[in-house]
Amino acid sequence: LDVATILEGAGLGLSMSANPPSLYAGSFPSRSPDFIVAVRHAGGDSEDYLGAGEYLFAPEVQVLIRGQQNTHQATLALARSCFEALHFAPHADYVSIRCDGAGPESLGPDESGRPRFVFTVACRYRTTN
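Residue numbers (this note's numbering): 21 to 149.
Following this line, the structure appears as structure tokens:
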């Protein structure tokens, strides 16, 4: 939800509260609009012991961007904007937020010809045991 909240506030025109929403935290309904951005937990909860009872966790989320038919370039541009908004985004609850790779990867079009892109974000935070 934190990653979706960052995207919602990034000035990209994404909203979890619009009707219909363009931004989803978690899964999105099968009857969602063509144009969506979905943020979902992808696992990756690696744990590093830092000493003195402190641990560093790094859960990962996937950001999936899907556009309308025949909007490959516009969808790619939005995916890149989402990547840039999240890569090293400051957040008080996290040590760092970092996107993996050099940018969004194409998943190719879905069964309806809608372009899709995806990237993974690691959100590192400290906790004590």
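Ideal Cβ placement from N, Cα and C applies to all residues, glycine included.
None of these values were measured; they are calculated from a predicted model.
Residues 34, 43 and 85 of the same chain have their beta carbon placed closer than 6 Å to that of residue 57, with the five preceding and five following residues left out of the count. Rounded to whole angstroms, residue 112 and residue 81 show a C-alpha spacing of 18 Å. Residue 95 places its beta carbon less than 8 Å from that of residue 137.
With a contact defined as Cβ atoms closer than 8 Å, residue 55 and residue 88 qualify at about 5 Å. Our two residues, residue 32 and residue 74, have alpha carbons roughly 36 Å apart in a direct line.
With fewer than 16 neighbouring CB atoms inside 10 Å of its own CB, residue 67 falls in the exposed class. Following the DSSP letters along the chain, one finds residue 81 inside the beta strand (DSSP E) bounded by residues 74-86.
Secondary-structure assignment with DSSP links residue 139 through a beta bridge to 83. Each residue's CA atom was taken as its position, placing residue 108 and residue 117 some 5 Å apart.
Cβ atoms of residue 115 and residue 70 stay farther apart than 8 Å, at about 10 Å. DSSP, reduced to helix, strand and coil, places residue 43 within a strand of the structure shown. Counting the other CB atoms within 10 Å of its CB gives residue 127 a total below 16, which places it among the exposed residues.
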